[in-house]
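K.L.:
Going by this note's numbering, the first residue of the sequence shown is number 6, and it counts up by one from there.
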Amino acid sequence: MTEIKLSVVIGTYNQKDNLKKVLESLFKQTLSPYFYEIIVVDSMSSDGTDIMIEEINSSRASRVSHPALLYIRQENTGRPGARNRGINEAKGKIIFLTDADMLADANLLQEHLKVHGKKPNSAFEGITINPDNKPYIKEKIKPMQKLKFSYFLTGNLSIPRSIIKNAGVFDADFAGYGWEDIELGYRLSKLGVPLYYLPTAVNHHMHPVSQGEMFQRKYHMGKSAAVFYKKHPNTEIKLFLGMNPLAQGIYRLIKRHPTLQKFIEEKAEKSNFYGYIWEEFQYRKGLEDNK
């Protein structure tokens with residue numbers, strides 16, 4: 006029997022249509038279907054995700070060669086809970102973490118698996134192309150360059166299963182949006198696990214984020230940032246999370262003047278400048294609300 010070398014772990018919640026496209030892209034990989042499995046952990050979706058998966062498995066049952074697709078439905082414990090369950094169920098020595106709205110290029114998994122043979126005991130961050138056709142990582146970084154922990158982004162990332170489990174996997178205290186992946190990356194960096202840039206491994210983010218959604222995300226990111234800092238209360242993390250006197254001072258100034266706050270909010274939807282100010286205000290409101 007062929008050994009499964011890589012396990013794809015996807016957490017999902019009410020993303021049926023996008024998830025179906027993602028799975029179809031993962032079924033068409035250049036990597037042999039005997040070498041990888043796909044694990045979908047569903048946090049109690051109510052949009053028919055379970056039926057869609059059942060139909061996919063039924064239609065593929067007669068095919069001789071296809072990757073195993075494991076579907077797990079469990080209580081909604083957030084992103085960390087879903088990913089941790091997938092990691093614990095995985096058979097592959099390499100874990101590939103992605104999302105339910107990330108379309109995979111045909112050679113995505115093969116590229117990730119290949120580099121683990123060259124640099125064992127390492128993590129690799131691929132390149133994700135946003136809906137505007139621009140890469141998520143905009144900085145000029147050379148292939149196989151070492152990255153900071155802040156690039157530990159789980160839309161296109163691979164790591165040995167033993168290493169991520171020894172590090173303690175994802176922290177379940179990050180119940181809301183944001184920072185759970187980078188916090189794990191920080192812990193891994195302290196353990197000496199290198200993270201490398203792998204631009205030959207490409208996927209595509211299908212979900213454009215509206216400005217209104219971004220304002221909500223920023224608030225929840227602020228709440229998660231407070232959790233991050235409580236776990237690692239040092240200057241490096243404080244500055245990384247934007248908890249500096251100038252930013253905090255601007256936030257307090259806006260908060261003390263409701264008229265100014267209302268003015269910025271009204272302008273935020275149509276102005277990049279005021280949109281940025283409002284995002285930062287929401288982020289720091291989340292920080293304050295979760296102290």
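We treat Cβ as the ideally placed atom computed from N, Cα and C, and that holds for glycine. Quantities reported herein were computed from a predicted structural model and do not represent experimental measurements.
1. Are the CB atoms of Glu-94 and Leu-108 nearer to each other than 8 Å?
2. Ala-50: which of Pro-148, Leu-158, Leu-118 and Gly-83 sits nearest, CA to CA?
3. Enumerate in chain order the residues of its own chain whose CB-to-CB distance from Gln-216 is below 7 Å, with the five nearest sequence positions on each side excluded.
4. Under three-state DSSP, which class holds Phe-286?
5. DSSP three-state label for Glu-270, please.
6. DSSP on Asn-249, reduced to helix/strand/coil?
7. Quick test of your reading: Ile-9 and Gly-97, contact by CB under 8 Å. State the CB separation rounded to the nearest angstrom.
8. So Asn-208 packs on Leu-113, CB below 8 Å; how close in whole Å?
9. Just reading off the alpha helix (DSSP H) that His-117 is part of, what are its end residues?
10. Please go through the same chain and pick out, in chain order, the residues whose beta-carbon is closer than 7 Å to the beta-carbon of Lys-25, but skip the five residues on each side of it.
11. With a floor of 3 residues, list each beta strand (DSSP E) that falls wholly inside the region 9 to 96, ordered by position along the chain.
12. How about Gly-254 and His-225: are their beta carbons less than 8 Å apart?
P.N.:
According to the structure shown:
1. no
2. Before going on, a small fix: residue 50 reads as Ser here, not Ala. Considering only alpha carbons, the answer is Gly-83.
3. Glu-274 and Gly-280
4. helix
5. Three-state DSSP puts Glu-270 in a helix.
6. coil
7. 5 Å
8. By a beta-carbon distance limit of 8 Å, Asn-208 contacts Leu-113. Their separation comes to about 6 Å.
9. 113 to 123
10. Met-57
11. For the region 9 to 96, the continuous beta strand (DSSP E) assignments of 3+ residues that do not extend past its boundaries occur at 11 to 17, 41 to 47 and 73 to 78, in sequence order.
12. no
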